[in-house]
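Trainee: Chains as they are written, first to last, in our numbering: chain D, 50 to 199; chain E, 25 to 651.
The following block contains the structure, expressed as structure tokens.
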Amino acid sequence: MLMKRRFGILTGILAAGIGALACATAFAEDDAPVTPDGTPAYIVKDGQVDKGTYNGYRRFHATCHVCHGFDASGSSFAPSLADSLKRLSYDDFKEVVVNGRQNQGATGDKVMPSFGLDPNIMNNLDDIYRYLKARADGALPGGRPQRIGG
Amino acid sequence: MKVLSRWLLASVAVLAAGSASANDSILKNQANPNNWASQLGNYAGQRYSPLEQINTNNVKNMQVAWSFSTGVLRGHEGGPIVVGDVMYIHTPFPNKVFALDLNNPGRVIWKYESVQDPTVIPIMCCDTVNRGVAVADGKVFLAQADNTLVALDANTGKEIWKAKNGDHTKGESLTAAPLVVKDKVFVGISGGEFGVRGHLTAYDTNTGKMVWRAFSTGPDADVKIDPSKTTMMGKPIGQKDLGVSTWPGEEWKRGGGTTWGWYTYDPELNLIYYGTGNPGTWNPTQRAVDKDRSKSDNKWSMTIFARDPDTGEAKWVYQKTPFDEWDFDGVNENILANINMNGQQRKVLVNFDRNGFAYTLDRATGELLVAQKFDPTVNWATDVDMKTGRPNVVDKYSTFANGEDKNTTAVCPAALGSKDQQPASFSPDTGLFYVPTNHICMDYEPFSVSYTAGQAYVGSTVSMYPTPNSHGGMGNFIAWDAAAGKIVWSRPERFAVWSGALSTKGGVAYYGTLEGYLVAVDMKDGKELWRFKTPSGIIGNINTYTHNGKQYVAVLSGVGGWAGIGLAAGLTQEAGAQAWHNAVHPGHAEGTGVATAGLGAVGAHQSLGEYTQLGGVLTVFHVPDQK
Numbered sequence: 050m051l052m053k054r055r056f057g058i059l060t061g062i063l064a065a066g067i068g069a070l071a072c073a074t075a076f077a078e079d080d081a082p083v084t085p086d087g088t089p090a091y092i093v094k095d096g097q098v099d100k101g102t103y104n105g106y107r108r109f110h111a112t113c114h115v116c117h118g119f120d121a122s123g124s125s126f127a128p129s130l131a132d133s134l135k136r137l138s139y140d141d142f143k144e145v146v147v148n149g150r151q152n153q154g155a156t157g158d159k160v161m162p163s164f165g166l167d168p169n170i171m172n173n174l175d176d177i178y179r180y181l182k183a184r185a186d187g188a189l190p191g192g193r194p195q196r197i198g199g
Numbered sequence: 025m026k027v028l029s030r031w032l033l034a035s036v037a038v039l040a041a042g043s044a045s046a047n048d049s050i051l052k053n054q055a056n057p058n059n060w061a062s063q064l065g066n067y068a069g070q071r072y073s074p075l076e077q078i079n080t081n082n083v084k085n086m087q088v089a090w091s092f093s094t095g096v097l098r099g100h101e102g103g104p105i106v107v108g109d110v111m112y113i114h115t116p117f118p119n120k121v122f123a124l125d126l127n128n129p130g131r132v133i134w135k136y137e138s139v140q141d142p143t144v145i146p147i148m149c150c151d152t153v154n155r156g157v158a159v160a161d162g163k164v165f166l167a168q169a170d171n172t173l174v175a176l177d178a179n180t181g182k183e184i185w186k187a188k189n190g191d192h193t194k195g196e197s198l199t200a201a202p203l204v205v206k207d208k209v210f211v212g213i214s215g216g217e218f219g220v221r222g223h224l225t226a227y228d229t230n231t232g233k234m235v236w237r238a239f240s241t242g243p244d245a246d247v248k249i250d251p252s253k254t255t256m257m258g259k260p261i262g263q264k265d266l267g268v269s270t271w272p273g274e275e276w277k278r279g280g281g282t283t284w285g286w287y288t289y290d291p292e293l294n295l296i297y298y299g300t301g302n303p304g305t306w307n308p309t310q311r312a313v314d315k316d317r318s319k320s321d322n323k324w325s326m327t328i329f330a331r332d333p334d335t336g337e338a339k340w341v342y343q344k345t346p347f348d349e350w351d352f353d354g355v356n357e358n359i360l361a362n363i364n365m366n367g368q369q370r371k372v373l374v375n376f377d378r379n380g381f382a383y384t385l386d387r388a389t390g391e392l393l394v395a396q397k398f399d400p401t402v403n404w405a406t407d408v409d410m411k412t413g414r415p416n417v418v419d420k421y422s423t424f425a426n427g428e429d430k431n432t433t434a435v436c437p438a439a440l441g442s443k444d445q446q447p448a449s450f451s452p453d454t455g456l457f458y459v460p461t462n463h464i465c466m467d468y469e470p471f472s473v474s475y476t477a478g479q480a481y482v483g484s485t486v487s488m489y490p491t492p493n494s495h496g497g498m499g500n501f502i503a504w505d506a507a508a509g510k511i512v513w514s515r516p517e518r519f520a521v522w523s524g525a526l527s528t529k530g531g532v533a534y535y536g537t538l539e540g541y542l543v544a545v546d547m548k549d550g551k552e553l554w555r556f557k558t559p560s561g562i563i564g565n566i567n568t569y570t571h572n573g574k575q576y577v578a579v580l581s582g583v584g585g586w587a588g589i590g591l592a593a594g595l596t597q598e599a600g601a602q603a604w605h606n607a608v609h610p611g612h613a614e615g616t617g618v619a620t621a622g623l624g625a626v627g628a629h630q631s632l633g634e635y636t637q638l639g640g641v642l643t644v645f646h647v648p649d650q651k
């Protein structure tokens, strides 16, 4: 039952995401850039980033960084996402964030919780992806980026 | 029927007699310096030992006597308890407890390991730490991560009873060491970053039944405040239900004020003391009433409570940081001491708060006597108004005044505080406090956040870096005069000093470093006398005891906690070194923090990986006999 609800929410967010994409294309490409196939993308220009990537930086460093480390560089709790996002596709990424993962390490302490019901994550999932992808591609150094246009 | 009621009466009389004195077994054990009977050494929380076999003359000869691996690789806070011939140690999640035989050093008498739902792990914001067990009345009390309070038979490790203190699916967990007073065991609650509404709860030591629970926020009845009797700054509070009216809407229900620090007790005054944590979300705008700071104290977060342990009633309160805007989580230990102030002996309570101020209060009345910065670089407030007890906040560093989505830079101290949970020590010989501190500043950008039960409720990003224009390190170990409100001496450290301090009659004070060093210093001037690198960073507390007439010093190593959580996997040496260089570059002036802040965040504690790695080891030291 719970799984069903989670997927329901995911579908809803995907639908909303498509709506947002349409808007983004029409009005503010720089705020929420996407690739031609609809995958969230980022803009890094002179060390400054699009608003979506900046928001992703913020959201990541409010929740995810306690395990995945500052700048997504990993910690003893959880892997570096600046590394994992070199391999994970956008769909893989969403699947793990929504459903979580229970992959116990040698000391039994590696657990990724499900964020499927957390609006702070789900409503900002594309932006978090933008930020992490920019980190994984080596396009963005560590630290607080500046927003294009301030 | 008659017989039964007579029996009942008799047992009521016995119970009443039992609760007329403080816990006899603890007082007896604490009075014997051969033991280290409770986490903070004694009820007053002084972390002082009258032992002097190891002293300023011979500490240079100190060596490892024996060691023991706990088998858990995470942050090891708290420390060993020694009662008689047995040492009790604990671990982070999954919260194992070992009883070790001191007659056969390191031999396990019994081991306890609970089965806990591992989904509790990700809701522990700052590592899966646990600050240790309490031993009293032949029982060992353990507060498990999954909110289970368990009483074990001290001889066998068998469970006697269990109580459920919270629900991890709502973000609640347990990390603090329980305190036993009379026939009650007290536990708090952790989860300040998950919108948990804090409380302190008393359980019957014999049955595990809840006796009372006092919340940190909400109506007076829940907080156990009587506004006509409970005092604040020496006067009755007067106004009703400030725990509701100083919050917008129903925000008090997710208002934080968690109680994960240390608890102390004065048997003469019959009062227990503890602090409450940060108010809910780190975004102050969401906690403001009518966008007005003066209406938004967010009571009773960030508050020192003095309570009657029998009933839970609050005798007095003092709110250190009304309307927090920086996560200056007010849970640090309240050390009880009798000190000389202006020629008079005063019974005081001393608190080194996260916000960088050290408070000296009259512990009977809650009267504020001294409030001074214990790190001179603290800048978010100029001072504390001694009439109102309120800090004078500097607008430039007010994350509320600057607003949501604005990055407030160069605030000192950082959210980690000038001092976190690492407990300080008081020596009755010198009348001084020995305090492990942090020396870190931050940039803080709050933003709007939604509440979902069981999910993080933070709403801010924080970048931390070593205090600019200082010695470049991130910690100090200081000696503090609580009567004058002045630093007596200060020793800089490369990283935050995250271990509990110990002072001794031998004139030696001890602390651990995040790199893993156990350091012994002369209490007179802070001069280093000895150091030893243990297998992992130290965030545990240093304890001392004797066995067969010989003094030992013991500490748990195992880097982690909030300070150690940035310990990076996969960060290259080069990147860490570069970050460190940038963070401590002499040209990094205050106000230009924004340019290098990000690198500072990388640097803050990640370069720690160049010095130590995860571990979980008990190391016991002695000075070998002369041959």
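Just so it is clear, CB atoms sit at the ideal spot from N, CA and C, and this is done for glycine as well.
All values reported here derive from a predicted model rather than from experimental measurement.
#1: For D:Asp167, return the contacting residues in chain E, with the cut-off set at a CB-CB distance below 7 Å.
#2: Hey, quick one: how far does the beta strand (DSSP E) through E:Asn500 stretch, first residue to last?
#3: Just grab the DSSP bridge partners of D:Arg184 for me.
#4: Under 8 Å between C-beta atoms, does D:His110 make it to chain E?
#5: So E:Leu360 packs on E:Thr288, CB below 8 Å; how close in whole Å?
#6: Whole angstroms are fine: how far does the CA of E:Asn85 sit from the CA of E:Gln650?
#7: If you reduce the DSSP assignment to three classes, tell me which class E:Val644 lands in.
#8: Exposed or buried, which one is E:Ser318 when buried takes at least 16 other CB atoms within 10 Å?
#9: According to DSSP, is E:Ala438 part of a helix, a strand, or is it coil?
#10: What residues from chain D crowd round E:Leu440, counting only those whose CB sits closer than 7 Å?
#11: Just to confirm the assignment, what range does the alpha helix (DSSP H) spanning E:Val417 have?
#12: Would you say E:Val372 reaches chain D, if we count a Cβ-Cβ gap shorter than 8 Å as a contact?
#13: How would you list, in chain order, the residues of chain D whose beta-carbon sits under 8 Å from the beta-carbon of E:Pro146?
#14: Provide the residue(s) that pair with E:Glu217 in DSSP beta bridges, ordered along the chain.
#15: Residues bridged to E:Asp177 by DSSP?
#16: Using 8 Å as the threshold, is the stretch 423-438 of chain E in touch with the stretch 371-389 of chain E, meaning 3 or more CB pairs across them?
#17: Report the residue ranges of all beta strand (DSSP E) runs contained in full by the stretch 80-159 of chain E; include only those spanning at least 3 residues, in chain order.
#18: Would a check of beta-carbon distances place D:Ala73 closer than 8 Å to chain E?
#19: Taking DSSP as the reference, what is the three-state secondary structure of E:Thr636?
#20: Kindly say whether D:Arg107, judged by its beta-carbon, lies nearer than 8 Å to any beta-carbon of chain E.
#21: Which two residues bound the contiguous alpha helix (DSSP H) that contains D:Ser122?
#22: Please specify which runs of the beta strand (DSSP E), each continuous and at least 3 residues long, are wholly inside the stretch 454-508 of chain E, giving them in chain order.
#23: Is the CB-CB distance between E:Val579 and E:Leu632 below 8 Å?
#24: Helix, strand or coil: which one does DSSP assign to D:Pro85?
#25: Where D:Ile58 and D:Pro190 are concerned, what is the direct C-alpha to C-alpha distance, given to the nearest angstrom?
#26: Please compile the residues from chain D whose C-beta is within a distance smaller than 9 Å of the C-beta of E:Gly483.
#27: Going by beta-carbon coordinates alone, are E:Gly354 and E:Gly219 separated by less than 8 Å?
#28: Could you tell me whether any Cβ in chain D is nearer than 8 Å to the Cβ of E:Val402?
#29: With DSSP as the reference, label E:Gly236 as helix, strand or coil.
#30: Among E:Val96, E:Phe92, E:Gly102 and E:Ala89, which residue has its Cα nearest to the Cα of E:Trp60?
#31: Tell me whether E:Ala55 sits in a helix, a strand or coil according to DSSP, three-state version.
#32: Inspect the beta-carbon positions of E:Asn302 and E:Phe352 and report whether they are closer than 8 Å.
#33: Distance cutoff 8 Å, beta carbons only. Does E:Val641 sit that close to anything in chain D?
#34: Chain D partners of E:Val473, CB-CB under 8 Å?
#35: Let me know if E:Met410 comes out buried or exposed under the rule of 16 or more other beta-carbons within 10 Å of its beta-carbon.
#36: Shortest alpha-carbon distance to E:Gln263 belongs to which of E:Phe501, E:Asp467 and E:Pro251?
Mentor: Taking the geometry as given:
#1: Thr476 and Gln479
#2: Gly499 to Asp505
#3: Looking at the DSSP assignment, D:Arg184 forms no beta bridge with any residue, so it has no partner.
#4: yes
#5: 6 Å
#6: 10 Å
#7: strand
#8: exposed
#9: coil
#10: Within 7 Å Cβ-Cβ: nothing; E:Leu440 doesn't reach chain D, min ~13 Å.
#11: Premise fails: E:Val417 lies in the beta strand (DSSP E), Pro415 to Val417, not in any alpha helix (DSSP H).
#12: no
#13: Cys116, Val160, Met161 and Pro162
#14: In DSSP, E:Glu217 forms no bridge with anything.
#15: E:Lys163
#16: yes
#17: 87-93, 105-107, 110-114, 121-125 and 131-136
#18: A caution first: D:Ala73 carries a pLDDT of 36, below 50, which makes its placement in the model unreliable, though a value can still be read off. Answer no: the Cβ-Cβ gap between D:Ala73 and chain E never drops below 8 Å.
#19: coil
#20: yes
#21: Unbroken run through D:Ser122: none, as it is neither H nor E.
#22: 456-462, 464-470, 484-490 and 499-505
#23: no
#24: coil
#25: Reliability fails at D:Ile58, whose pLDDT of 35 lies under 50, so the model's placement of it is uncertain and the value that follows must be treated cautiously. Taking the straight line from one Cα to the other gives about 33 Å.
#26: Ala111 and Asn169
#27: no
#28: no
#29: According to the sequence shown, residue 236 of chain E is Trp rather than Gly. Correct three-state label for E:Trp236: strand.
#30: E:Gly102
#31: helix
#32: yes
#33: no
#34: Ala111 and Asn169
#35: exposed
#36: E:Pro251
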